[in-house]
Amino acid sequence: MTEYDVLIIGSGAAGLTAALVLAEQRKVLVLAKGALDGGSTSWAQGGIAAVLDEGDTFEDHIRDTMIAGAGLNRRETVEFVVEHAPEAIRRLAALGVPFNHEAGALHLTREGGHSHRRIVHVDDATGFAVHEALITAARAHPNITLRPNMVAIDLVTDRHRSDGHADRGRWDKSGGQAWGVYALDETTGKVECFLARSTILASGGAGRTYVFSTAPRGATGDGIAMAWRAGARVSNMEFMQFHPTCLYNLEVKNLLITEAVRGEGGHLLLPTTGERFMPRFDPRAELAPRDIVARAIDHEIKRLGLDYVHLDISHKDPEFVRHHFPNIYERLMTLGIDMTRQPIPVVPAQHYTCGGVLIDLAGRTDLGGLYAVGECSESGLHGANRLASNSLLECFVFGDAAARDILARWDDFAPPPAIRAWDESRVTDSDEEVVIKQTWTELRRFMWNYVGIVRTNKRLERAAHRIKLLKNEVNEYYGNFRVTADLIELRNLLQTADLIVKSARARRESRGLHYNEDYPATLPAARDTVLVPN
0 MTEYDVLIIG
10 SGAAGLTAAL
20 VLAEQRKVLV
30 LAKGALDGGS
40 TSWAQGGIAA
50 VLDEGDTFED
60 HIRDTMIAGA
70 GLNRRETVEF
80 VVEHAPEAIR
90 RLAALGVPFN
100 HEAGALHLTR
110 EGGHSHRRIV
120 HVDDATGFAV
130 HEALITAARA
140 HPNITLRPNM
150 VAIDLVTDRH
160 RSDGHADRGR
170 WDKSGGQAWG
180 VYALDETTGK
190 VECFLARSTI
200 LASGGAGRTY
210 VFSTAPRGAT
220 GDGIAMAWRA
230 GARVSNMEFM
240 QFHPTCLYNL
250 EVKNLLITEA
260 VRGEGGHLLL
270 PTTGERFMPR
280 FDPRAELAPR
290 DIVARAIDHE
300 IKRLGLDYVH
310 LDISHKDPEF
320 VRHHFPNIYE
330 RLMTLGIDMT
340 RQPIPVVPAQ
350 HYTCGGVLID
360 LAGRTDLGGL
370 YAVGECSESG
380 LHGANRLASN
390 SLLECFVFGD
400 AAARDILARW
410 DDFAPPPAIR
420 AWDESRVTDS
430 DEEVVIKQTW
440 TELRRFMWNY
450 VGIVRTNKRL
460 ERAAHRIKLL
470 KNEVNEYYGN
480 FRVTADLIEL
490 RNLLQTADLI
500 VKSARARRES
510 RGLHYNEDYP
520 ATLPAARDTV
530 LVPN
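For the record, in the sequence shown the residue sitting at position 424 is 423 according to numbering that gives the first Met the number 0, with numbers rising by one throughout.
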């Protein structure tokens, strides 16, 4: 067992932001699943939203966020994040993030749902540039230890104590206590126990619950599932954001075409007639929020029996397009698509998990010592639909807030008690890995078909039935065989899918990203869906 002051699960924007603040006073361990840059941060294309233009205001950004979130946002959270956004940009610039400038000032672009230009960016690869700066700073800090290829299995809680004070760790109004995590080292195949006075979940979303997703391979809902099993409440899991424009390509299934292409004048067209169809669905046309654009594309694809629609920016000056979207342009050219001369075939794909572990403005969860930040959390910022470029922003603001809360309350955190080591004495190696692959494929396919952009009660019922059967199979498998990365991820995916379906069945209305044909109306009062562990 290894003990640190603070343990962070996840090496993306949220986790590294927290680590750099904490490391000024504490010893920090950061566990990364796979490579240190393997999370969603490096994949983020668009940018970071912040009020930096003279014609823009905090109130405008707050209003845009609330409108996109269909009124389900918690206003105090939105105000907190928006008001801290400019300082977050200044901190990143100080770390050396090379944000685009024009005429001596930050270049601000505009994306769907925003009333002003307020997106700072590094070409069309902002996440990669930001993560490079964060990881460089973290590697250089003597108080930060980075461990790649570590797959978290379960949080260590009071139920794992070996000093006679173990309990079931069930959620009640007083919560339980988190002391660290059991994690599989993929390089050795051994499970290690990491203990800390405080633990931060920064493990990302659950995009790989779906067959089509822009998320990286490791986005399997690990933090959400672990927190739920440990006894923390989870909120608003029915709100899975589908990005309207993912490249349609049978070989490349997760190439996101950034929101900024539409923000800079790109049009959505029917490939059969060339008709620009978005004005039929919303007066904001291509600049409508993502849920509206994704449903419109889904509607046209199903109505006309299409495989995709076209996103066309070829009417703009070619040099303008190449300058604003150099990475997308180069990637598409390798696939035989010249976006300066021809349209891009696109389809919607799962893109962001708006729900997650319920937290307050300091990132605290229900369990003592346990924080959650970034996409694995539900802070109240996004509501029923995330506004474009608010995701990286949330990571920086809440990563900083959680770290500062831990430092301010350090004397409240007790040293970890005696904890049981991981026990593999009653399990064997599996000779049936095909079981995991088959279950994973089945889960992702029926989640796409039954719990996708448009839902019905019958589809949700069928999904719930399949999840129950698969959970029983996987739990039996988990109890009999040594853990592998694939088995850990599948267990978490099934738990996350169960939470998504439970939340979707509990919401008897259509709001934001959740659209149910059996309940097409939006209720007058906006209420969160909060699930409480048994």
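Built from N, CA and C at the ideal position, the CB exists for glycine as well. Since this is a predicted model, take the numbers as computed values, not measurements.
Cβ pair count under 8 Å reaching 3, the segment 205-217 against the segment 333-349: Verdict: yes, contact present.
Residues in its own chain within less than 7 Å of His83 by CB, not counting five upstream and five downstream? Translated into positions along the sequence shown, residue 83 becomes position 84. Around His83: Val396.
Decide if the segment 381-398 is in contact with the segment 436-454; the criterion is three or more beta carbon pairs, one per stretch, under 8 Å apart. Taking one beta carbon from each stretch, the segment 381-398 and the segment 436-454 have fewer than 3 pairs nearer than 8 Å; the two do not touch.
Using only CA atoms, which one of Arg330, Arg228 and Ala496 lies nearest to Leu468? Working through the sequence shown from its first residue, we reach residue 468 at position 469. Looking from the CA of Leu468, the closest CA among Arg330, Arg228 and Ala496 belongs to Ala496.
Alpha carbon of Arg167 to alpha carbon of Arg363, nearest angstrom: The sequence position of residue 167 within the sequence shown is 168, counting from 1. The sequence position of residue 363 within the sequence shown is 364, counting from 1. The pLDDT assigned to Arg167 is 48, lower than 50, so where the model puts this residue is not dependable, and the model offers no usable value.
Per DSSP, Glu78 forms a beta bridge with which residues? Within the sequence shown, residue 78 is the residue found at index 79, counting from 1. Partner(s): none; Glu78 has no beta bridge.
Determine the DSSP secondary structure at Gln437, reduced to helix, strand or coil. As a first step, residue 437 is located in the sequence shown; it is residue number 438 there, counting from the start. Looking at Gln437 - three-state DSSP - the assignment turns out to be helix.
On a CA-only basis, which of Leu286, Pro532, Ala387 and Arg90 is nearest Ile61? Give me that one, please. The residue labelled residue 61 in the question sits at position 62 within the sequence shown. Cα-wise, what sits closest to Ile61 is Ala387.
Length of the line joining the Cα atoms of Leu310 and Asp122: Translated into positions along the sequence shown, residue 310 becomes position 311. Translated into positions along the sequence shown, residue 122 becomes position 123. If I take the Cα positions, the gap works out to 19 Å.
Per-residue DSSP class, three states only, for Pro141: Reading the sequence shown from its first residue, position 142 is the one you call residue 141. If DSSP states are grouped into helix, strand and coil, Pro141 belongs with coil.
Beta-carbon spacing of Asn142, Val27 below 8 Å: Numbered from 1 along the sequence shown, position 143 holds the residue referred to as residue 142. Numbered from 1 along the sequence shown, position 28 holds the residue referred to as residue 27. The answer is yes: Cβ separation under 8 Å.
The beta strand (DSSP E) that contains Leu183, what's its start and end? Here residue 183 corresponds to residue number 184 of the sequence shown, with the count starting at 1. Its beta strand (DSSP E) spans residues Ala177 to Asp184.
Can you tell me which of the three DSSP states Arg109 falls into? Within the sequence shown, the letter at position 110 stands for residue 109. Residue state, collapsed to three classes: coil.
Quick one: using the 10 Å Cβ neighbour count with 16 as the cut-off for buried, is Lys189 buried or exposed? One-based indexing of the sequence shown puts residue 189 at position 190. By the 10 Å Cβ count, Lys189 comes out exposed.
Taking 8 Å as the cut-off, does the segment 432-445 touch the segment 477-495 (at least 3 CB pairs, one atom from each stretch)? Contact between the segment 477-495 and the segment 432-445 is present, because at least three Cβ pairs lie under 8 Å.
Hey, Pro243 and Val292 are a contact pair by Cβ (cut 8 Å); roughly how many whole angstroms apart? As a working note, residue 243 is residue 244 in the sequence shown. As a working note, residue 292 is residue 293 in the sequence shown. Right, the Cβ-Cβ distance comes to about 4 Å (below 8 Å), so this counts as a contact.
Can you have a look at Arg169 and say buried or exposed, based on whether 16 or more other CB atoms are within 10 angstroms of its CB? Residue 169 sits at position 170 when you count from the first residue of the sequence shown. Annotation note: pLDDT 47 at Arg169 (below 50); position unreliable, coordinate value reported separately. That one is exposed.
If contact is defined by three or more beta carbon pairs under 8 Å, each pair taking one atom from either stretch, is the segment 499-506 in contact with the segment 223-237? The answer is yes - the segment 499-506 touches the segment 223-237, with three or more Cβ pairs under 8 Å.
Go ahead and label Met332 buried or exposed: buried means 16 or more other beta carbons lie within 10 angstroms of its beta carbon, across all protein chains shown. Here residue 332 is taken as the residue at index 333 of the sequence shown, counted from 1. Classification for Met332: exposed.
Distance CB(Leu553)-CB(Glu508) smaller than 8 Å: Since the first residue shown for the chain is 0 and the last is 533, residue 553 is missing from the structure and cannot be characterised.
Beta-carbon proximity of Leu357 to Arg510, cut-off 8 Å: To locate residue 357, count along the sequence shown from 1; it is residue 358. To locate residue 510, count along the sequence shown from 1; it is residue 511. For Leu357 and Arg510, no; Cβs fall outside 8 Å.
CB Ile47 to CB Ile118, shorter than 8 Å? Position 48 of the sequence shown, counting from 1, holds the residue named residue 47. Position 119 of the sequence shown, counting from 1, holds the residue named residue 118. Ile118 is positioned such that its CB atom lies closer than 8 Å to that of Ile47.
So is Ala13 buried or exposed if we call it buried at 16+ other beta carbons inside 10 Å? Residue 13 sits at position 14 when you count from the first residue of the sequence shown. Buried is the call here.
From Phe324, Gly304 and Thr339, pick the residue whose C-alpha is nearest to that of Pro317; which is it? Locating residue 317 in the sequence shown gives position 318, where the first residue counts as 1. Nearest of Phe324, Gly304 and Thr339 to Pro317, Cα basis: Thr339.
Who are Ser429's beta bridge partners in DSSP? Translated into positions along the sequence shown, residue 429 becomes position 430. Bridge partners of Ser429: none, in fact.
Tell me which residue opens and which closes the alpha helix (DSSP H) that Thr495 is part of. Position 496 of the sequence shown, counting from 1, holds the residue named residue 495. Counting along the chain, Thr495 sits inside the alpha helix (DSSP H) bounded by residues Ala484 to Ala505.
Give me the Cβ distance between Ala69 and Ala383, rounded to the nearest whole Å; I'm assuming they're in contact under 8 Å. Position 70 of the sequence shown, counted from the start, is the residue given in the question as residue 69. Position 384 of the sequence shown, counted from the start, is the residue given in the question as residue 383. In this structure Ala69 touches Ala383 by the C-beta definition: roughly 4 Å separates them, less than 8 Å.
In terms of residues, what are the limits of the alpha helix (DSSP H) holding Glu393? For this step, residue 393 is matched to residue 394 along the sequence shown. Residues Ser390 to Ala407.
What is the DSSP secondary structure of Phe57, counted as helix, strand or coil? Here residue 57 refers to the residue found at position 58 when the sequence shown is read from its first residue. It is helical.
Going by other Cβ atoms of all chains shown within 10 Å of its Cβ, with 16 needed for buried, is Ser173 buried or exposed? Position 174 of the sequence shown, counting from 1, holds the residue named residue 173. With a pLDDT of 48 at Ser173, under the threshold of 50, the predicted position of this residue should be treated as unreliable, though the coordinate-derived value follows. It is exposed - the Cβ of Ser173 has fewer than 16 other Cβ atoms within 10 Å.
How would you write the range of the beta strand (DSSP E) that Ala463 sits in, first residue to last? Numbered from its first residue, the sequence shown carries residue 463 at position 464. Looking at the DSSP string, Ala463 is not in any beta strand (DSSP E); the run it does join, the alpha helix (DSSP H), is Asn456 to Asn479.
Roughly how many angstroms separate the alpha carbons of His115 and Leu246, rounded to a whole number? To locate residue 115, count along the sequence shown from 1; it is residue 116. To locate residue 246, count along the sequence shown from 1; it is residue 247. Computed Cα separation, rounded: 27 Å.
Is it buried or exposed, Asp63, if we count other Cβ atoms within 10 angstroms and call 16 or more buried? As a position in the sequence shown, residue 63 is number 64, starting the count at 1. By the neighbour-count criterion, in which 16 or more other beta carbons inside 10 Å mark a residue as buried, Asp63 falls on the buried side.
Identify, in the order they occur along the chain, each residue of the same chain with its Cβ nearer than 6 Å to the Cβ of Gly265, setting aside the five sequence neighbours on each side. Position 266 of the sequence shown holds residue 265. If we look at Gly265 and ignore the five residues flanking it on each side, its Cβ neighbours are Leu310 and Ile312.
Confirm, please, whether the CB-CB distance from Phe276 to Leu269 is below 8 Å. In the sequence shown, the residue the question calls residue 269 occupies position 270. In the sequence shown, the residue the question calls residue 276 occupies position 277. Yes; because the gap between Cβ atoms is below 8 Å, this pair is in contact.
Does the Cβ-Cβ distance between Gly398 and Gly203 come in under 8 Å? Counted from its first residue, the sequence shown places residue 398 at position 399. Counted from its first residue, the sequence shown places residue 203 at position 204. Contact flag unset, no.
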